[in-house]
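These notes concern the structure reproduced below.
In my numbering, the protein residues as written are -1 to 287.
Right under this line is the structure:
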């Protein structure tokens, strides 16, 4: 991507954000696992989602910008965010590329696809200089690329021997000086935290949401919103009444659905539930402004 093209993409995205007055309800391609990235676009189009978050590394297509462009154009579903390959299971994506170069490559992919949000997990403790320099590095790479690197809340790993703090500087980004944050409500449940406490503490640093739920298991459950203990309806009421217009990205575990039809029913129900709660929140918003 040339400098002029990158600058134009950034300007277009900023103008789009300025005109947006409400949140988009989007679908993470990881919600289709073990199906493909392509199935995420197909399902998003069929069910009427407003956009797609591409999980880089769910399959080879998810790491190929030209392939994603073709899916976007064929299905007519915009890419609204990119999830960088920072999970344990995606560490081998773009093998041989350094951690910071992977984030820059994720930013290039976002801009090429017309969005400016890249979701990133905090580093693992064993990732050396990348981990120790992460806070300053995120600020630098955000400034260099013009992309919002939205750092996601994680959780301590719970084992029979106790908690293991796998992330550095921390699994909870609340008290770090990150400008842009992603709230994952399932991660909050796994950490035995309240998502409402996060949204109140983060204020306008909350730029992106993985809309899901959990019951506090040691496993990251990614239940459909409204089926766990994270008071998702109340969270939506709060953020919308306070002017939140970032994406509401459904990142739901559908592996137990058993079939494509079952998976689509789960996602259709989650989409309908979300749109209903968002509509209620908008109706009530003047009462809370």
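Beta carbons: idealized from backbone N, C-alpha and C, even for Gly.
inquiry  = Would residue 187 and residue 211 qualify as a contact pair, given that the criterion is a beta-carbon distance under 8 Å?
reply    = As a first step, residue 187 is located in the chain shown; it is residue number 189 there, counting from the start. As a first step, residue 211 is located in the chain shown; it is residue number 213 there, counting from the start. Contact: yes.
key: Pick from 109, 185 and 216 that is closest to residue 158, judged by C-alpha positions   = Within the chain shown, residue 158 is the residue found at index 160, counting from 1. Nearest option by C-alpha distance: 216.
query = Hey, quick one: how far does the alpha helix (DSSP H) through residue 182 stretch, first residue to last?
reply = On the chain shown, residue 182 is found 184 positions in, with the first residue counted as 1. Taken as a continuous stretch (DSSP letters only), residue 182 belongs to no alpha helix (DSSP H), being part of the beta strand (DSSP E) at 179 to 182.
query = Helix, strand or coil: which one does DSSP assign to residue 88?
reply = Position 90 of the chain shown, counted from the first residue, corresponds to residue 88. Helix.
request  = Evaluate residue 58 with the Cβ neighbour count: other Cβ atoms within 10 Å of its Cβ, from every protein chain shown; 16 or more gives buried, anything less gives exposed.
outcome  = As a working mapping, residue 58 is identified with position 60 in the chain shown. Counting of Cβ neighbours within 10 angstroms places residue 58 among the exposed residues, the total staying below 16.
Cut-off 8 Å between Cβ atoms - residues of its own chain near residue 61, not counting five sequence neighbours on either side = In the chain shown, residue 61 corresponds to position 63, counting from 1. The residues 54, 55, 83, 91 and 92, in chain order, have a CB closer than 8 Å to that of residue 61 in the same chain once the five nearest residues on each side in sequence are set aside.
query = Whole beta strand (DSSP E) runs in the segment 59 to 146 with 3 or more residues, listed along the chain?
reply = 77 to 81 and 115 to 118
inquiry  = Looking only at its chain, what residues have a beta carbon closer than 7 Å to the beta carbon of residue 264, apart from the 5 residues adjacent to it on each side?
reply    = Here residue 264 refers to the residue found at position 266 of the chain shown. Excluding residues within five positions, the ones whose Cβ falls inside 7 Å are 222, 250, 252 and 255.
task = From the DSSP output, in three-state form, read off residue 173 for me.
result = Residue 173 sits at position 175 when you count from the first residue of the chain shown. Here residue 173 sits in helix by DSSP.
ask   = If you draw a straight line from the C-alpha of residue 189 to the C-alpha of residue 228, how long is it?
value = Along the chain shown, read from residue 1 onward, the residue named residue 189 stands at position 191. Along the chain shown, read from residue 1 onward, the residue named residue 228 stands at position 230. If you take the alpha carbons of residue 189 and residue 228, they lie about 11 Å apart.
task = Rounded to whole angstroms, what's the CA-CA distance from residue 279 to residue 118? Just pull it up for me.
result = Here residue 279 refers to the residue found at position 281 when the chain shown is read from its first residue. Here residue 118 refers to the residue found at position 120 when the chain shown is read from its first residue. Straight-line Cα distance between these residues: approximately 28 Å.
ask   = According to DSSP, is residue 55 helix, strand or coil?
value = Residue numbering aside, residue 55 sits at position 57 when the chain shown is read from its first letter. Residue 55 falls in the coil class under three-state DSSP.
Enclosing alpha helix (DSSP H) for residue 41 [first to last residue] = Locating residue 41 in the chain shown gives position 43, counting from the first residue. Here the alpha helix (DSSP H) through residue 41 covers 35 to 45.
task = Using alpha carbons as the reference points, say which of 270, 257, 266 and 192 lies closest to residue 32.
result = In the chain shown, counting from the first residue as 1, residue 32 sits at position 34. Checked all of 270, 257, 266 and 192; the closest Cα to residue 32 is 257.
ask   = Taking the continuous alpha helix (DSSP H) assigned at residue 239, which residues delimit it?
value = Looking up residue 239 in the chain shown gives position 241. Residue 239 -> alpha helix (DSSP H) spans 230 to 239.
Residue(s) in a DSSP beta bridge with residue 23 = As a working mapping, residue 23 is identified with position 25 in the chain shown. Note: residue 23 sits in a beta bridge opposite 246.
inquiry  = Tell me which residues share the same chain as residue 197 and place their Cβ nearer than 7 Å to its Cβ, disregarding the 5 neighbours each side in the sequence.
reply    = For the purposes of this step, residue 197 is identified with residue 199 of the chain shown, where counting begins at 1. Closer than 7 Å at Cβ, skipping near neighbours: 181, 204, 233, 236 and 237.
query = So who's on the other strand from residue 156, going by DSSP bridges?
reply = The residue you call residue 156 lines up with position 158 of the chain shown. BP columns for residue 156 point to 161.
query = Are the CB atoms of residue 25 and residue 248 nearer to each other than 8 Å?
reply = In the chain shown, counting from the first residue as 1, residue 25 sits at position 27. In the chain shown, counting from the first residue as 1, residue 248 sits at position 250. Cβ atoms of residue 25 and residue 248: closer than 8 Å.
ask   = Based on Cα-Cα distance, which residue from 192, 202 and 207 lies nearest to residue 214?
value = On the chain shown, position 216 is the one that residue 214 refers to. In terms of CA proximity to residue 214, 192 leads the group 192, 202 and 207.
key: Neighbourhood of residue 266 by C-beta, 7 Å cutoff - its chain only, sequence neighbours within 5 removed   = Walking along the chain shown from the start, residue 266 turns up at place 268. Here the set comprises 45.
request  = Could you check if residue 275 is buried or exposed, using at least 16 other CB atoms within 10 Å of its CB as the buried criterion?
outcome  = Translated into positions along the chain shown, residue 275 becomes position 277. Buried, since its Cβ has 16 or more Cβ neighbours within 10 Å.
request  = Answer yes if the segment 125 to 133 comes into contact with the segment 109 to 116, meaning at least three C-beta pairs across the two stretches below 8 Å, and no otherwise.
outcome  = no
C-alpha distance - residue 70 paired with residue 76, whole-angstrom precision = Taking the chain shown and counting its residues from 1, one reaches residue 70 at position 72. Taking the chain shown and counting its residues from 1, one reaches residue 76 at position 78. Put simply, the backbone Cα of residue 70 is about 6 Å away from that of residue 76.
key: Beta-carbon proximity of residue 50 to residue 78, cut-off 8 Å   = On the chain shown, residue 50 is found 52 positions in, with the first residue counted as 1. On the chain shown, residue 78 is found 80 positions in, with the first residue counted as 1. Contact: yes.
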